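If you're matching them up, the sequences are chains B and E in order.
Each residue of the first sequence is one higher than the one before, starting from 1 at the first, in my numbering.
Each residue of the second sequence is one higher than the one before, starting from 1 at the first, in my numbering.
C-beta: ideal position from N, C-alpha, C; glycine also.
Just so it is clear, the structure is predicted and the values come from calculations on it, not from any experiment.
So the structure is just underneath, and the comments pick up after that.
There are 2 protein chains.
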Amino acid sequence: MVKQERAVRTRRAVLEAAAQVIGTRGYEAATMAEIIQRAGVTKGALYFHFASKDALARAVIAEQTDPFIPQVTDSRLQDAIDFTHQVAIGLRDDPLLQAGTRIAVETTFTDEPLVPYQAWIDIVTTMFADAKEKGELLPAIAPDRAAEFFVSAYMGVQLFSHAASNRLDLPERVTALWKHILPGLASPGALSHLDPHGRSVRTAA
Amino acid sequence: MVKQERAVRTRRAVLEAAAQVIGTRGYEAATMAEIIQRAGVTKGALYFHFASKDALARAVIAEQTDPFIPQVTDSRLQDAIDFTHQVAIGLRDDPLLQAGTRIAVETTFTDEPLVPYQAWIDIVTTMFADAKEKGELLPAIAPDRAAEFFVSAYMGVQLFSHAASNRLDLPERVTALWKHILPGLASPGALSHLDPHGRSVRTAA
Numbered sequence: 001m002v003k004q005e006r007a008v009r010t011r012r013a014v015l016e017a018a019a020q021v022i023g024t025r026g027y028e029a030a031t032m033a034e035i036i037q038r039a040g041v042t043k044g045a046l047y048f049h050f051a052s053k054d055a056l057a058r059a060v061i062a063e064q065t066d067p068f069i070p071q072v073t074d075s076r077l078q079d080a081i082d083f084t085h086q087v088a089i090g091l092r093d094d095p096l097l098q099a100g101t102r103i104a105v106e107t108t109f110t111d112e113p114l115v116p117y118q119a120w121i122d123i124v125t126t127m128f129a130d131a132k133e134k135g136e137l138l139p140a141i142a143p144d145r146a147a148e149f150f151v152s153a154y155m156g157v158q159l160f161s162h163a164a165s166n167r168l169d170l171p172e173r174v175t176a177l178w179k180h181i182l183p184g185l186a187s188p189g190a191l192s193h194l195d196p197h198g199r200s201v202r203t204a205a
Numbered sequence: 001m002v003k004q005e006r007a008v009r010t011r012r013a014v015l016e017a018a019a020q021v022i023g024t025r026g027y028e029a030a031t032m033a034e035i036i037q038r039a040g041v042t043k044g045a046l047y048f049h050f051a052s053k054d055a056l057a058r059a060v061i062a063e064q065t066d067p068f069i070p071q072v073t074d075s076r077l078q079d080a081i082d083f084t085h086q087v088a089i090g091l092r093d094d095p096l097l098q099a100g101t102r103i104a105v106e107t108t109f110t111d112e113p114l115v116p117y118q119a120w121i122d123i124v125t126t127m128f129a130d131a132k133e134k135g136e137l138l139p140a141i142a143p144d145r146a147a148e149f150f151v152s153a154y155m156g157v158q159l160f161s162h163a164a165s166n167r168l169d170l171p172e173r174v175t176a177l178w179k180h181i182l183p184g185l186a187s188p189g190a191l192s193h194l195d196p197h198g199r200s201v202r203t204a205a
């Protein structure tokens, strides 16, 4: 048991160190040696958990969606809006999420993109599909295609916000994103009661 | 005169070599030495035109909008749609444009982002402002804010397309982008006669 707990702690320390090193240096320039030093683990311990930098990067990306559990309320479209505002706060404040996004963007230009967007698309597709069943979407909208579009547009919006303000203005840019796309996404009945600012973010403010 | 022509040719050769080297290796890993070798110019000739890799990168970005001259027709919103489809073809086929975009995205994560989106935002703002004057936009839309949103969303869509298909599917993703945002952008009268596929692209096909 103690051994297992230690393994979990080591794994987490390596992931956080990787996030910090990759977040600072970028994916290409980050080295396993610096990650080992930063995590304060042995080389053997790191390679026990992650066979390569590629495997480590995939783990950082795979776990970036973990802290986000979308709420389920009467309006699944409002749940989606709230969820994307939660992610915006995470992108602003959480090194693991920032590193995952940086890896995602940078490896886009390599021969083997890690295609990390899929986990996000799956989450949004589920919410859009539920919203469609409840009559919250326009009849022509296909939830999976709309989710793919939404995630790609969101990726651009957060990149832009990163360049413009180190993501300080991301919450208001996410609000603007929803304001622009809701009229082409939501049924007129749903549109009237949706809040593009997000519910939970307002409550927390 | 001959001297001046040679200088123009040298400058162009350096820019194209820089685009190819940066497009292959990324901005950080690209070296002036490799760009000099690829361009087939002397070190002195290169530094006569560009004092640093940073200056060279800024020139690649500054000139990426040059080949695109938006047409001016009765519908400025349709002009904007057509323009973004022309850029999609350029992103798919033109190494200079591809390199400019890669630099733009990669330097987003450095301390001094080159904020290369501004030239695109200016072009789109002009077209949206004209469209607004013609009554093609919904009354609540501010052309500059809408252009900033559009360019950031487009950035994400082309990144996604790059990861998914090396940008082969970018034209259809640009069409999907317009389909999603036009209902929240265009006045009902304009919406009915706009073609999100773009006019010129269809004619060329």
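The beta strand (DSSP E) runs of length 3 or more contained entirely in the region 46 to 76 of chain B do not exist; there are none. It is roughly 43 Å from the alpha-carbon of G189 of chain E to the alpha-carbon of D93 of chain B.
In this structure, the beta-carbon distance from A19 of chain E to A99 of chain E falls below 8 Å. If you draw a straight line from the Cα of L138 of chain B to the Cα of A80 of chain B, it is about 16 Å long. Counting every other CB atom within 10 Å of its CB across the protein chains shown gives A33 of chain E a total below 16, marking it as exposed. DSSP places D130 of chain B inside the alpha helix (DSSP H), whose first and last residues are Y117 to E133. Flagged as an interface residue toward chain B: H180 of chain E, by a C-beta distance shorter than 8 Å. Under DSSP, A186 of chain B takes part in a beta bridge, and its partners are B:L137.
Only those residues of the region 169 to 194 of chain B whose C-beta falls short of 8 Å from the nearest C-beta of chain E are listed: R173, A176, L177, K179, H180, I181, L182, P183, G184 and L185. When the alpha-carbon of L77 of chain B is set against those of B:S152, B:V151 and B:F128, the nearest one is in B:F128.
Around the CB of P171 of chain B, 16 or more other CB atoms lie within 10 Å, so the residue is classed as buried. Between the alpha carbons of I181 of chain B and D195 of chain E lies a distance of about 18 Å. Across the region 142 to 162 of chain E, CB contacts with chain B closer than 9 Å involve R145, A146, E148, F149, F150, V151, S152, A153, Y154, M155, G156, V157, Q158, L159, F160, S161 and H162, in sequence order along the chain. Distance from the CA of D74 of chain B to the CA of A119 of chain E, rounded to the nearest whole angstrom, comes to 43 Å.
Closer than 8 Å to the CB of V21 of chain E there is not a single CB belonging to chain B. A153 of chain E is classed as buried because its beta carbon has at least 16 other beta carbons within 10 Å across all chains shown. I61 of chain E is positioned such that its CB atom lies closer than 8 Å to that of I103 of chain E. By the neighbour-count criterion, in which a residue is buried when 16 or more other Cβ atoms sit within 10 angstroms of its Cβ, A7 of chain B is exposed. Following the DSSP letters along the chain, one finds H162 of chain E inside the alpha helix (DSSP H) bounded by residues P143 to S165.
Under the three-state reduction of DSSP output, V8 of chain E falls in the helix class. Boundaries for A29 of chain E: no alpha helix (DSSP H) harbours it, and the DSSP string shows neither H nor E there. For the options E:S161, E:L177, E:S165 and E:E148, the alpha carbon positioned closest to that of V157 of chain B is the one of E:E148. Excluding sequence positions up to five before and after S187 of chain B, its CB lies within less than 7 Å of the CB of G135, E136, L137 and L138, all in the same chain and listed in chain order. Leaving aside the five residues that flank A30 of chain E on each side, the residues in its chain whose CB is nearer than 6 Å to its CB run, in chain order, V21 and I22. Following the DSSP letters along the chain, one finds T107 of chain E inside the alpha helix (DSSP H) bounded by residues P95 to T107. With the criterion set as a beta carbon lying under 9 Å from some beta carbon of chain B, the region 46 to 69 of chain E has no members that meet it. For G26 of chain B, a Cβ of chain E is located within less than 8 Å of the residue's own Cβ. Look at A7 of chain B: its C-beta is not under 8 Å from any C-beta on chain E.
Apart from sequence neighbours up to five positions away, the residues of its chain that approach R199 of chain E with a beta-carbon distance below 7 Å are Q78 and D82, ordered along the chain.
The beta-carbon of V14 of chain B is placed no less than 8 Å from the nearest beta-carbon of chain E.
Between the alpha carbons of M155 of chain E and Q4 of chain B lies a distance of about 44 Å. C-alpha of T125 of chain B to C-alpha of E133 of chain E: approximately 38 Å in a straight line. The straight-line gap separating the alpha-carbon atoms of V174 of chain B and G44 of chain B is approximately 42 Å. At a cut-off of 8 Å between C-beta atoms, E34 of chain B does not count as an interface residue with respect to chain E.
By alpha-carbon distance to H162 of chain E, the top candidate from E:I141, E:V14 and E:T101 is E:T101. Using a CB distance below 7 Å, the part of the region 84 to 107 of chain E facing chain B consists of R102, V105 and E106, ordered along the chain.
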